[in-house]
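Heads up: the sequence lines are chains C and G, in that order. Using my numbering, the letters of the first sequence correspond one by one to residues 1 to 112. Using my numbering, the letters of the second sequence correspond one by one to residues 1001 to 1110. Cβ atoms here follow ideal geometry from the backbone N, Cα and C, with glycine treated the same way. This one's a predicted model, so the numbers in the text were calculated from it and none came from an experiment. Let me begin by presenting the structure, written as structure tokens, before commenting on it.
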Amino acid sequence: KAGVTQTPRYLIKTRGQQVTLSCSPISGHRSVSWYQQTPGQGLQFLFEYFSETQRNKGNFPGRFSGRQFSNSRSEMNVSTLELGDSALYLCASSFEPSYEQYFGPGTRLTVT
Amino acid sequence: QQPVQSPQAVILREGEDAVINCSSSKALYSVHWYRQKHGEAPVFLMILLKGGEQKGHDKISASFNEKKQQSSLYLTASQLSYSGTYFCGTEDFGNEKLTFGTGTRLTIIP
């Protein structure tokens, strides 16, 4: 069974731009969660989607948004990028919420 | 509020045992444990649920003390492959999102 895939793997953007990251979950998994990982803050929860509905949202500004499609694929968008948004963005899928999560390789975003 | 992990880092020789602790100020529903090797994504180890039994496989096991809102991860006879950063993630009642601790870096040396 194929694992979680994320695209792109690396991205360099300029302050003020926006970016869209994509995540394809493991086949059959309906829950997708997004995390921001930085050396100083560790793994910070962004949001979770289940059956196209946002179940939970972390403490991030409204510039961070996401959505889930009917095939469970998910996207997250960050508008008006700031230098502090530079991080590894990880997507994780699970069969249902609160089940074990399987992480993708992440998208390394660098904002200059 | 994220759970607190201790220790922050530990260095062991191959074959030694390690204990990693995770504690929360909230009433927990579940505790998840993950291991992340450098440059790789976190990998699921186990889930402990409130009212559930101690979990384990191979030489890695964990317990969940519901009264103290604490979980401990036990690694016995550590192997070089156990090196990495261990994260606990907690879910508390009324807040069904996984909140991760800051991690414990485990280094196993020959």
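With C/E106 and C/L90 assumed to form a contact (beta carbons below 8 Å), what rounded beta-carbon distance in angstroms separates them? Checking the displayed sequence, the identity of residue 106 of chain C turns out to be Gly instead of Glu. Contact flag correct, Cβ pair sits at about 5 Å.
Quick one, which residues of the region 1090–1105 of chain G are near chain C if we go by CB-CB under 9 Å, in chain order? E1091, N1095, E1096, K1097, L1098, T1099, F1100, G1101, T1102, G1103
Per DSSP, G/G1084 forms a beta bridge with which residues? G/L1106
Would you report the Cα separation of G/K1026 and C/G62, rounded to the nearest angstrom? 27 Å
Quick check on G/D1058: does DSSP put it in helix, strand or coil? coil
C/Q66, enclosing beta strand (DSSP E) - first and last residue: According to the sequence provided, residue 66 of chain C is Gly. The question's Gln does not apply to it. Unbroken beta strand (DSSP E) run through C/G66: 64–68.
How about G/F1044: is its C-beta nearer than 7 Å to some C-beta of chain C? yes
So, using beta-carbon positions, are G/L1075 and G/A1062 closer together than 7 Å? no
Would you call the region 1010–1020 of chain G and the region 93–103 of chain C touching, i.e. three or more CB-CB distances under 8 Å? no
Chain-ordered neighbours of C/R55 on chain G, where CB pairs are closer than 9 Å: E1096, K1097
Taking 7 Å as the CB-CB limit, is G/I1060 close to chain C? no
Check the Cβ of G/F1064 against every Cβ in chain C and list those closer than 8 Å, keeping chain order. Correct list: empty, because the minimum Cβ distance to chain C is about 15 Å.
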